[in-house]
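These notes concern the structure reproduced below.
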Amino acid sequence: MPAPAPVPPRGGRRGRGRLGRLDSTVSPYLYIAPFFLLFFVTGLFPLVYTGWVALHDWDQIMGQGEFVGMANYVDVLTGRGFWRALSNTISIFVLSSVPQILAALLIATLLDRNLRARTLWRMGVLLPYVVAPVAVALIFNNLFADRFGLINLLLETAGMEPVRWHSDRFASHVAIATMVNFRWTGYNALILLAAMQAIPRDLYEQASIDGANAWRQFWSVTVPMLRPTLIFVIITSTIGGLQIFDEPKMYDQFGRGGADQQWQTLTIYLYELGWTRADFGMASAVAVLLFLLIVAFGVVNFLLTRRIAHDEGGRR
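In full-length UniProt numbering, the protein residues as written are 1 to 316.
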């Protein structure tokens, strides 16, 4: 008759159970800890340190000077350069983000259909995003040249007056916004396309049975189901649009935002304060104000989008 198996002591079971509960409680925090450590080193600490520098008279060479409190913010807000750069930034942001999102939504809708060589078309819309910003700026700078640019040559061929793309303020904003839309429309289109492909096809079949045409299906099925992704795209476009630097910096050979700063953005103004005037205190104040501006725009976009979603949900 075989001997009975030994019974493990109760203390061992309790120890293993305690270790299992500790593992299920602590291990998730250990898994996500590297991200937060990296965010603290590369994100949170520079932000807090920038706020500290903005409160001092900080020189590029001499380093930290005396504590000046809010004097740097007062100098920035009472100067003409900040408000001019702010208006340029918002103008370029509106001219780029709004058409960009609408075009991305249209392209994603077309790519969601049964097209031949769909993979090739989807890869094609992403190619402008792969091109280096400097190369895009150089190409479009030649296209929008005032004297021998291709755009003005086409306008003259059509019997129209050439546009002063580098002298006129609004025209320069349109040209820079065109560069931004060229680079980022395909990227946002693929994000929206991924969300479209996750929409259950049964919803379209039910809408078709109810007599809804393609346009009605788009507004009643596609757009409501895309709302979380649209919020993400709008917020990321807002952040990128308000932080725009490469395109306006490379729009001319001097990189100062134009002879009269007609397309100087907040980031170029910040760069000028920090590296041309060697005033890190005022540059840090502009950086903090830009951060608050981005947060404000992001919150407003989120609240407006959520309000529209609630209103449409209540009507349905």
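Beta carbons are placed, not taken as given, at the ideal position from N, Cα and C, and that holds for glycine.
- Spatial neighbours of ARG216 in its own chain (CB-CB distance under 8 Å, excluding positions within 5 residues in sequence) are listed in chain order as ALA207.
- Taking 8 Å as the upper bound for CB-CB distance, VAL26 and SER96 are not in contact here, some 46 Å apart.
- Beta-bridge annotation (DSSP): GLY63 is paired with ASP59.
- Between THR265 and GLY257 a beta carbon distance of about 7 Å is seen, short of the 8 Å cut, so the two are scored as contacting.
- A contact is defined here as three or more CB-CB pairs under 8 Å, and the region 183 to 200 meets this definition with respect to the region 223 to 232.
- If you draw a straight line from the Cα of THR222 to the Cα of ALA104, it comes to about 14 Å.
- Exposed is the label assigned to LEU154, since fewer than 16 other Cβ atoms lie within 10 Å of its Cβ.
- Nearest neighbour of PHE67 by Cα position, chosen from ASP75, GLN60, HIS56, turns out to be HIS56.
- Counting the other CB atoms within 10 Å of its CB gives ILE32 a total below 16, which places it among the exposed residues.
- In this structure, the straight-line span from the alpha carbon of LEU115 to that of PRO34 is close to 42 Å.
- Beta-bridge annotation (DSSP): ASP279 is paired with ASP59.
- Looking at the backbone, the Cα of LEU292 and that of THR89 are separated by about 14 Å.
- Here the C-alpha atom of PRO133 lies approximately 11 Å from the C-alpha atom of PRO248.
- Using a 10 angstroms sphere on the CB of TYR73, the tally of other CB atoms reaches 16 or more, which defines it as buried.
- Two segments are said to touch when three or more pairs of C-beta atoms, one from each, lie closer than 8 Å; by this definition the region 270 to 283 does not touch the region 183 to 193.
- With a beta-carbon spacing of about 10 Å, THR236 and ASN301 fall beyond the 8 Å limit used to define contacts.
- For HIS173, the three-state secondary structure derived from DSSP is helix.
- In this structure, ASP279 is the residue among ASP279, GLN100, GLY298 with its C-alpha nearest to the C-alpha of ASP59.
- With distances taken between CA atoms, PRO99 lies nearest to ASN188 out of ASP168, TRP83, ASN188.
- The alpha-carbon of ALA175 is positioned some 20 Å away from that of LEU127.
- By a beta-carbon distance limit of 8 Å, LEU289 contacts VAL76. Their separation comes to about 7 Å.
- Between SER91 and HIS173, the CB-CB gap stays under 8 Å.
- Remark: C-beta atoms of TYR269 and GLY51 do not approach each other more closely than 8 Å.
- Here the alpha carbons of PRO200 and THR119 stand approximately 21 Å from one another.
- DSSP places GLY51 in the uninterrupted alpha helix (DSSP H) bounded by 45 to 53.
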